[in-house]
Structure formats: C-alpha cells, structure tokens
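Numbering (our numbering) for the sequence shown: 2 to 203. Heads up, the beta-carbon is just placed ideally off N, CA and C, and yes, glycines get one too.
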Amino acid sequence: MSIKITEAVFCASSTTVEQRVAPFLPELAFIGRSNVGKSSLINMLCNNSKLAHTSSKPGKTTLINHFKINNSWYLVDLPGYGYAKLPKKERERLSKMIFEYINNSKELLNLFVLLDSRHDIQQIDLNFINMLGEAGVPFSIIYTKADKQGVNALAKQIEKNNTALKEYWEELPPTFVSSSQTRQGKEDILKHIENLLKHIKP
Ligand code: GTP
Ligand code: MG
C-alpha cells in the first residue's frame, strides 16, 4: 500500500518563488504542455475533482498553485508550456514564471513531466526535459490519458518516445502511465512520492 492522502487543501497562488507563503515544505510539481492533464492528475491523486481547476480548453492554469497534502508536503500545479494560441507576450510570461520557480525553489523535490500517451513526444517537450538535465532538476515522466487508447497502441507509443529520449539520455527517468478517468497509475505515483519523501536529507 502506498501513502494515503487524507487531507488536500489549496493554499495559495503565486507567480514567483519569493511570493510563496510559509510553511516551506517539500514540493512535488507537475509540468507539461497545456491541456496534457496536470490539474486533473492532481485531483485524481487527491480524490477531489474540485481541488485544481481543469478545462477542456488549454491555458487554464496560469499561476503556481500550492496544495498542502497531509499538512506536510505540497503538490504544485504549474501552468502548461507551449500553448501556441496564446499571445507571444503571455507565453513568454508563463515560461519565465515556470523557469524561475523550477530554478529557484529549494523545496522542489521532484518535477513530474507529463506527456500525452497518444502522441509523439514533441521537440518542445524534449527541449524542456533537456533543460532540466542541464539545470540538475530531478524529474520523472508521467504519461496521461491512458484510457484514450488500447494497451498495445499505448505500449508502442511509449516505446517510440523512449527511443526519442534515448537520443539525448543514456538512462531514462522513472516513468509512469496514468489516467485521471480510470485512476490508473495512482498507486504507483503515490508510492514513488512516498519514496522521494523518505529520502529527504534532514
Ligand atoms: P492547463 O492548465 O491548461 O495547462 O491544462 P492541464 O494540463 O492542467 O489539463 P487539465 O487537467 O485541465 O485537463 C485538460 C483536459 O483533458 C480536460 O478536459 C480533462 O478532462 C482532460 N483529461 C485530463 N486527464 C485526462 C485523462 O486521464 N483521461 C481523459 N479521458 N481526459 C483527461
Ligand atoms: Mg491546469
């Protein structure tokens, strides 16, 4: 059995690391292209469909949102990157906000990079992941929306994406497959979070 989320409360929204409110606790953040399912996944992990705001239209989350879990750590919902329909200025503003947070939060324990399990990994995802490598930010990959296709197609797509990642990476990061609809992946992701929290140096 993995860790149990018994309490999940929205704490605050911010646009910079400076703006975050105390207490400062370990953070596990979710990033990925707009509409990939970041907010839905947080809700699924917390068993609360109303916790993080979701939308069928991309560009819903525009701030850094902290959700305090079991009064001891945070799940952090970030805006998506690469939404082509946003005005360039707004896209740049969001991108700056994301990078500032990722590079400056000392509490950030792990970043979950979400990829849509139906699609080829895109250059923008590869660039983002490679940037994490250069910045030394620990990350894992979560494939989302697994309910939208059969197991064979899913396995094929992941294999294809792994091949693309191996062009840059010798070793692949921990990888999970999820569905916010069927709750697939919940136990594995929570178990991973539990292990990450266990290994924090005092
Ligand atoms: P932004 O905040 O705009 O960056 O998007 P997001 O990554 O937070 O995506 P969000 O969770 O708002 O979900 C986008 C859309 O995908 C919504 O219509 C969700 O209902 C749908 N969705 C998310 N996860 C899943 C999933 O696992 N399965 C299915 N079928 N739909 C999903
Ligand atoms: Mg969102």
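- Taking the CA atoms as reference points, E108 sits about 16 Å from A13.
- Where I190 is concerned, the enclosing alpha helix (DSSP H) starts and stops at K187 to K199.
- I190 is the residue among L52, V138 and I190 whose C-alpha sits nearest the C-alpha of S180.
- DSSP places D78 in the strand class (E or B) of the three-state scheme.
- Looking at the DSSP output, Y144 shares a beta bridge with L116 and V178.
- For K69, the beta-bridge partners assigned by DSSP are V10 and Y75.
- Three or more Cβ pairs drawn from the segment 96-114 and the segment 73-86 lie within less than 8 Å of each other, which places the two stretches in contact.
- Burial state of S141 is buried, judged by a 10 Å Cβ sphere holding 16 or more other Cβ atoms.
- Annotation for N36 indicates a beta carbon within 7 Å of some heavy atom of the ligand GTP.
- Judged by the Cβ position, G81 qualifies as a neighbour of the ligand GTP at the 7 Å threshold, a heavy atom of the ligand being closer than this.
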